[in-house]
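Written out below as structure tokens is the structure these notes cover.
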Amino acid sequence: MSKQTEAERELAALIVENLNLEDVAPADMDPEAPLFGGDLGLDSIDALEIALAVSKHYGFQLRSDNPDNKQIFASLRALSAHIEQHRPQA
Amino acid sequence: MSAHWRQRPEGGGFFALWLIRTIALRCGRPAARVVLYPITLYFFFRRGPERRASRQFLTRALGQRATVWQILRHIHSFASITLDRVFMLARGERGFRLEVEGLDYLHDAIDEGRGAMLMGSHHGSFEALRMLSQRYQKAPLRIVLNKQQTPAMTALLEALAPDIGERVIDGAQDPASVVLALGEAARQGHMVALLADRGRQDEAMLRVPFLGEDAAFPVGPWLLAASLRIPVVLCFGLYLGGNRYKLVFEPFADTRELPREGRRKAVRGYVREYAARLESLARTHPYNWFNFYDFWHDTTQVVGNDAGAGVGRDVGARA
Numbered sequence: 001m002s003k004q005t006e007a008e009r010e011l012a013a014l015i016v017e018n019l020n021l022e023d024v025a026p027a028d029m030d031p032e033a034p035l036f037g038g039d040l041g042l043d044s045i046d047a048l049e050i051a052l053a054v055s056k057h058y059g060f061q062l063r064s065d066n067p068d069n070k071q072i073f074a075s076l077r078a079l080s081a082h083i084e085q086h087r088p089q090a
Numbered sequence: 001m002s003a004h005w006r007q008r009p010e011g012g013g014f015f016a017l018w019l020i021r022t023i024a025l026r027c028g029r030p031a032a033r034v035v036l037y038p039i040t041l042y043f044f045f046r047r048g049p050e051r052r053a054s055r056q057f058l059t060r061a062l063g064q065r066a067t068v069w070q071i072l073r074h075i076h077s078f079a080s081i082t083l084d085r086v087f088m089l090a091r092g093e094r095g096f097r098l099e100v101e102g103l104d105y106l107h108d109a110i111d112e113g114r115g116a117m118l119m120g121s122h123h124g125s126f127e128a129l130r131m132l133s134q135r136y137q138k139a140p141l142r143i144v145l146n147k148q149q150t151p152a153m154t155a156l157l158e159a160l161a162p163d164i165g166e167r168v169i170d171g172a173q174d175p176a177s178v179v180l181a182l183g184e185a186a187r188q189g190h191m192v193a194l195l196a197d198r199g200r201q202d203e204a205m206l207r208v209p210f211l212g213e214d215a216a217f218p219v220g221p222w223l224l225a226a227s228l229r230i231p232v233v234l235c236f237g238l239y240l241g242g243n244r245y246k247l248v249f250e251p252f253a254d255t256r257e258l259p260r261e262g263r264r265k266a267v268r269g270y271v272r273e274y275a276a277r278l279e280s281l282a283r284t285h286p287y288n289w290f291n292f293y294d295f296w297h298d299t300t301q302v303v304g305n306d307a308g309a310g311v312g313r314d315v316g317a318r319a
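Next comes the structure, spelled out in structure tokens:
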């Protein structure tokens with residue numbers, strides 16, 4: 001498993017907390033593993049939860065009309081990169 | 001084993017829809033309705049699986065073996081509603097008598113501005129709901145339609161009712177985008193309509209009692225409602241015969257108070273309650289039932305959906 005970056009660790013914690021993933025430790029999430037349909041077993045409803053949590057926590061919206069959604073939600077790494085690229089800078 | 005409903009022809013395809021549309025709009029409803037008799041006979045004799053499904057359903061709903069006459073009536077009722085869709089899309093309420101019951105429940109939900117989720121079914125005419133939605137501009141109606149799976153229906157919608165067509169959420173996108181789009185619609189205070197009685201192969205289903213035997217219902221629509229924390233209103237567009245329709249709204253649940261931990265458990269309760277309500281209407285209005293396939297045993301083959309509940313199709317069974 002490749003190492004989590006700082007931003008990925010923060011996002012992993014947010015996901016685990018918001019989805020009540022009881023048997024997953026944020027640090028154990030493989031940043032390159034698929035978020036959906038893989039070991040984590042997340043689904044599209046979880047995507048909605050993640051989007052809501054991201055908008056609250058980072059202050060920007062993941063949008064339905066983004067043609068790259070499939071890519072963005074592919075892994076923790078991809079999602080984190082997208083967030084870091086688009087979140088409003090403090 | 002009979003072929004699954006999704007593998008059956010899309011109720012006619014482009015040519016049949018064009019034909020219906022042309023005859024209907026050129027000649028008017030009374031003339032077009034005459035054509036329904038030969039169509040009914042054609043379906044009865046040529047579409048064995050649908051005929052058997054009708055008999056199976058009616059036998060359960062009526063509590064005694066369905067007669068040929070009852071099956072013909074069932075098919076004729078389906079044909080009538082299908083024809084009326086054209087008129088409703090093209091001309092709205094004109095020419096129909098539309099009774100509405102329980103509209104206050106819908107108003108209450110919409111007035112809060114949190115959006116509302118309308119749970120429908122393949123029982124009766126959902127188009128009747130669209131007629132009503134033309135009266136309510138402030139809370140547009142949003143539906144999910146898989147544009148790739150039902151190109152003929154999509155083309156019809158876009159040709160006859162472009163305003164509705166524009167507001168269709170395309171179910172063919174990746175699941176995350178569909179769900180996000182529904183979330184955005186709800187946040188804008190829109191009405192989101194889903195049909196919660198059919199599922200797909202890759203969708204988590206729950207088997208609950210329905211007309212004497214367990215049948216599988218999708219859990220995705222309910223999980224979605226729970227995630228959006230919006231009021232859920234049941235909606236049934238009953239065809240009463242002739243030119244009469246009745247829209248019934250019933251308050252169902254407000255998911256706002258639902259604790260996150262108990263969500264998936266609560267959803268099981270919702271599915272049961274919904275199935276019970278649908279059963280009751282299936283008994284009082286049996287000829288409105290439009291799931292022309294073996295509703296109780298075909299679920300392992302469910303592979304698609306045409307209007308509504310394809311949402312959350314990748315939903316797993318995570319507790």
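Listed in order, the protein sequences are those of chains A and B. By the count of the UniProt record's numbering, the first sequence reaches residue 90 at its end, each step adding exactly one. By the count of the UniProt record's numbering, the second sequence reaches residue 319 at its end, each step adding exactly one. For every residue, glycine included, the Cβ atom is placed at its ideal position computed from N, Cα and C.
Boundaries (first-last residue) of the alpha helix (DSSP H) holding W127(B): For the sequence presented, residue 127(B) should be read as Glu rather than Trp. Element bounds for E127(B): E127 to S133.
Length of the line joining the Cα atoms of A215(B) and A196(B): 13 Å
Among Q149(B), P209(B) and V192(B), nearest to L141(B) - alpha-carbon criterion: V192(B)
Close-in-space but distant-in-sequence residues of the same chain around W289(B) (CB under 6 Å, 5 per side omitted): F57, H123 and A282
Nearest-angstrom beta carbon gap, L129(B) and G237(B) [assumed within contact, 8 Å]: 5 Å
Selected residue, minimal CA-CA separation from V178(B), among L157(B), L145(B), I164(B) and T59(B): L145(B)
Counterpart residues of Y239(B) in DSSP-defined beta bridges: Y245(B)
Chain A contact residues for D174(B), given Cβ-Cβ distances below 7 Å: N69 and K70
Residues bridged to M119(B) (per DSSP): L194(B) and L234(B)
Contact under 7 Å by Cβ, M119(B) with L41(B): no
Nearest candidate by alpha-carbon position, reference L211(B), set I169(B), Q134(B), D294(B) and L240(B): D294(B)
At least three beta-carbon pairs within less than 8 Å, the segment 99-117 of chain B to the segment 30-46 of chain B: no
Members of the segment 39-60 of chain B near chain E, C-beta cut-off 7 Å: The structure shown has no chain E; the protein chains it does contain are A and B.
7 Å Cβ cutoff, F60(A) in contact with chain B: no
Helix, strand or coil at D306(B) according to DSSP, with G and I counted as helix: At D306(B) the pLDDT is 40, less than 50, meaning the model places this residue with poor confidence; the figure from the coordinates comes in the next sentence. Coil.
In DSSP terms, what A216(B) is bridged to: R207(B)
Within chain A, the residues that L224(B) reaches when beta carbons sit closer than 8 Å: I45 and L48
Residue-chain proximity (A81(A), chain B), Cβ-Cβ < 7 Å: no
Per-residue contacts from L145(B) into chain A (C-beta, under 7 Å): Chain A residues near L145(B): none, gap ~15 Å exceeds 7 Å.
Exposure of V302(B), with buried meaning 16 or more beta-carbon neighbours within 10 Å: Note that V302(B) scores a pLDDT of 40, beneath 50, so its modelled location is shaky; the value from the coordinates is reported in the next line. V302(B) is buried by the Cβ-count criterion.
Buried versus exposed call for H86(A) [16 or more other C-beta atoms within 10 Å across all chains shown]: exposed
Whole runs of the alpha helix (DSSP H) within the segment 36-122 of chain B, excluding any shorter than 4 residues: 48-62, 68-91 and 103-111
Bridge-paired residues (DSSP) for S44(A): In the DSSP output, where bridge partners are listed per residue, S44(A) has none listed.
Residue 116(A) - partner residues in DSSP beta bridges: The requested residue 116(A) does not occur in the structure, where chain A is confined to residues 1 to 90.
Contact list for L258(B) against chain A, beta-carbon separation under 7 Å: Those within 7 Å of L258(B) in chain A number zero; the least Cβ separation is about 13 Å.
Beta-carbon spacing of E49(A), N20(A) below 7 Å: no
Beta-carbon neighbours of S64(A), restricted to chain B and to distances below 7 Å: S177, L180, A181 and E184
Pick from Y239(B), F292(B) and Q173(B) that is closest to S80(B), judged by C-alpha positions: Y239(B)
Stretch-stretch touch, CB-based, cutoff 8 Å, three pairs: the segment 62-77 of chain A with the segment 28-36 of chain A: yes
CB contact flag (Y224(B), I15(A), <7 Å): A small fix is needed here, since residue 224(B) is Leu in this sequence, not Tyr. Against a cut-off of 7 Å, the Cβ pair of I15(A) and L224(B) comes out as no contact.
Supposed close pair D163(B), S125(B) - CB separation, criterion 8 Å: 19 Å between Cβ atoms; not a contact.
Beta carbon of E99(B) nearer than 7 Å to that of K246(B): yes
Straight-line gap, E93(B) to K70(A) (C-alpha atoms, nearest Å): 40 Å
Within-7 Å CB hit, A51(A) to chain B: yes
In DSSP terms, what L145(B) is bridged to: D170(B)
Best match in H107(B), P209(B), A32(B) and G241(B) for proximity to R60(B) [C-alpha to C-alpha]: P209(B)
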